[in-house]
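Structure record follows, encoded as structure tokens.
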Ligand code: SF4
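Structural data, given as structure tokens:
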């Protein structure tokens, strides 16, 4: 049995040990603007340069309220978070409050040297998406010519400045079968292989026109029961950035506690937890079966395969 399998089984079996995760607030997504300079085919927030930011949420208040509830990890996302000219101010607020992990999820097309310096100063982690080593394919996904060169330039800048970076390769029809080439390209640039993930398009926002919505448990990644919460640009709160159909309420200044303890959120987290546990058990059974099969099949050295 692999280590990962053991961890998954332990996680499922721990029961009450999951209480703090199921009921707490440990990670916050802040969608600080709906606007973006790109218009990606799969964008879950349907962002584009045409979407205006009404600036109706006081993000400093969200940070304070969440911190009071025990949250220490925050990700600024959008739209494109660098579109919000107050991003550095929010980052500074989060640092002063005592958040320990701060990440900016950006398309890296707008990273000036000054902004990168601020990221380094505040020890920010960067996350970005990448679609293809072919500029034509990448630009076809983002809908904006020249975005490949800008994102690659941003990746270079972040790497040069030794800012922690992780990259998500999102697979869809336009860049199908290109994952291995993406990984080769990114590692060739110096991105740590362990920081490159691969994901599929979620049936949310414009992604809904690319993939069909199945059960909600399959729309999300299965980790959102672990004390996570998303606050959108209009104050709407969701259990996760992808679970748009589960609107928990609107942030009004200091009500994250009510949202966190709502029956709706508890129900959602429990459902996702049970689904993840069932998937982990099925995977564990498959792993175990494969290991037993390997043991009883004996060694497969070239000699043993000779007739
Ligand atoms: S996926 Fe990200 S980069 Fe692309 S349009 Fe949406 S917010 Fe912008």
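Residue numbers (this note's numbering): 135 to 441.
Even glycine gets a Cβ: it sits at the ideal position worked out from N, Cα and C.
Residues bridged to residue 333 (per DSSP): Answer is 304.
Give the single residue among 390, 338 and 300 whose Cα lies nearest to the Cα of residue 332. 300
Taking C-beta to C-beta, are residue 302 and residue 344 nearer than 8 Å? no
Cα separation between residue 346 and residue 335? Residue 346 and residue 335: Cα-Cα distance of roughly 10 Å.
Per DSSP, residue 237 is paired with what? 209 and 259
Quick check: the stretch 379 to 387 against the stretch 205 to 214, are there 3 or more CB pairs under 8 Å? no
Residue 164 and residue 196 look like a contact to me (Cβ under 8 Å); what is the Cβ gap, rounded to whole Å? Right, their Cβ atoms sit about 6 Å apart.
Touching or not, the stretch 290 to 297 and the stretch 313 to 331, by the rule of three or more beta carbon pairs under 8 Å? Contact between the stretch 290 to 297 and the stretch 313 to 331 is present, because at least three Cβ pairs lie under 8 Å.
Quick one: give me the first and last residue of the beta strand (DSSP E) that residue 371 is part of. 370 to 372
Is the distance from the Cβ of residue 242 to the Cβ of residue 276 below 8 Å? no
Please find out if some non-hydrogen atom of the ligand SF4 comes closer than 7 Å to the beta-carbon of residue 214. At least one heavy atom of the ligand SF4 lies less than 7 Å from the C-beta of residue 214.
Closest by C-alpha distance to residue 200, when choosing among 313, 411 and 385: 385
Where DSSP assigns a beta bridge to residue 253, which residues make up the other side? According to DSSP, which records beta bridges pairwise, residue 253 is partnered with nothing at all.
Inter-residue Cα distance where the pair is residue 402 and residue 415: 20 Å
Determine the extent of the alpha helix (DSSP H) in which residue 320 is found, giving its start and end residues. 313 to 323
From 372, 249 and 312, residue whose alpha carbon lies closest to that of residue 179: 372
Residue 359 to residue 411 span [Cα, whole Å]: 11 Å
Cβ-heavy atom distance between residue 241 and the ligand GTP below 7 Å? This structure lacks the ligand GTP; the ligands present are the ligand SF4.
Using C-beta distances below 7 Å, list every residue in its chain close to residue 282, excluding the 5 sequence neighbours before and after it, in chain order. Annotation for residue 282: 269, 272 and 273 place their beta carbon closer than 7 Å to its own, counting only its chain and skipping 5 residues before and after.
In this structure, does DSSP put residue 288 in helix, strand or coil? helix
Does the beta-carbon of residue 164, which I'm using as the reference point, lie nearer than 7 Å to any heavy atom of the ligand SF4? no
As an exercise, report each continuous alpha helix (DSSP H) stretch of at least 4 residues that is fully enclosed by the stretch 161 to 189, in chain order. Counting only runs of 4 or more, we get nothing.
Considering only their Cβ atoms, is the gap separating residue 183 from residue 170 smaller than 8 Å? yes
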